[in-house]
Each structure stands twice: as C-alpha cells, then as structure tokens.
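Okay, structure first, notes after.
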Amino acid sequence: MSENTYDNSINKNISKTKIFSPTQVACGTIGGPVGLIYFLHSNFSILRNDELKKKTLVYGAAFLIVLIIALPFLPEEVPSTPFTVLYIVIARLIADKYQMTKSAIVESNEFEFHSNWRVFLLGLLCLVGSMLIIAGPLIILSTLGVLEL
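The numbering used here runs 3 ahead of the 1-based position in the sequence shown.
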C-alpha cells in the first residue's frame, strides 16, 4: 500500500464539519425571514465568527419587527414575491461575501455540505416559524380589536 493511498483512507475516516453552501443558504430562505436568519447564523456559528453571528440575530430581529409593524399598512394588492426575492438576494450576498464559497467547501479538509434534504426540511420548519412570528402578533392584535385585518 502506497503512502498516498494510506493518507487518502485516513482522510475519508475523519469527520468533517457540515456547513451550508451559499446556494443552500439562499434556498433555505424558503423559510422566510426566520430561514434567512437561521441559515446565516448557523454558518457563522460553525465558522466561529461571533461578531457576525450576533449581528445576524440583532439585524434579523429588527427586520422581523419592521415586517410585523409594516405588514398591516401594506395594501392587499402588494405581492409577496418581491419580499421572497429580497430574502434570497440578501442571503446569497451575505453568504458569498462573509462565509465560505462552494469551491472553498469542496477543497476544504475540514468542511462538507449539509444535505439538500436537510436544507429543505429546515426551510419548511423556518417557514412555520416565520408565519408564527409575523402573523401571531397581528392575529392577537386583531382578536383584541386593536387592529383590523
């Protein structure tokens, strides 16, 4: 057995840390703003970037609050598609600029991709979270008669 073959078999047995690619982060925004926050935060946590991990939570929470406040004032005719595109673009830009690129993950000995099924299922869970966080306060205010939906 050559030394190179031996080294390759050792590398295959080493557990790599799973991380989301920029495309997976963007696809995770199927979960709305909570998906945007979750996937970016998860990668910053894996990359041990505490400053950007914290900023993701702070800016994400502020974004959710703005959405909750602004939503009742938007006309019903306003389509949701621009918001969805906004989540995707923001997620992709941040992941590309501050996290690992797909090629960097492929070339890394330390990282590997999460499965796309994981992205899909977590995205769906985040979608439920987004609906609860955004619609919940509005439904409560409507029930109390403070807001007319």
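For each residue, glycine too, the CB sits at the ideal point set by N, CA and C.
The alpha-carbon separation between L50 and A94 amounts to approximately 16 Å. Between F76 and T59 the beta-carbon gap is near 26 Å, outside 8 Å, which marks them as no contact. When secondary structure is reduced to three states using DSSP, E115 falls in the strand class. Using a Cβ-Cβ distance cut-off of 8 Å, the segment 121 to 129 and the segment 22 to 35 are in contact, since at least three pairs of beta carbons, one from each stretch, lie closer than that value.
Around the beta-carbon of G139, fewer than 16 other beta-carbon atoms lie within 10 Å, marking it exposed.
With a cutoff of 8 Å on beta-carbon distance, C30 and V149 are scored as not near each other. Under the three-state reduction of DSSP output, K19 falls in the coil class, being neither helix nor strand.
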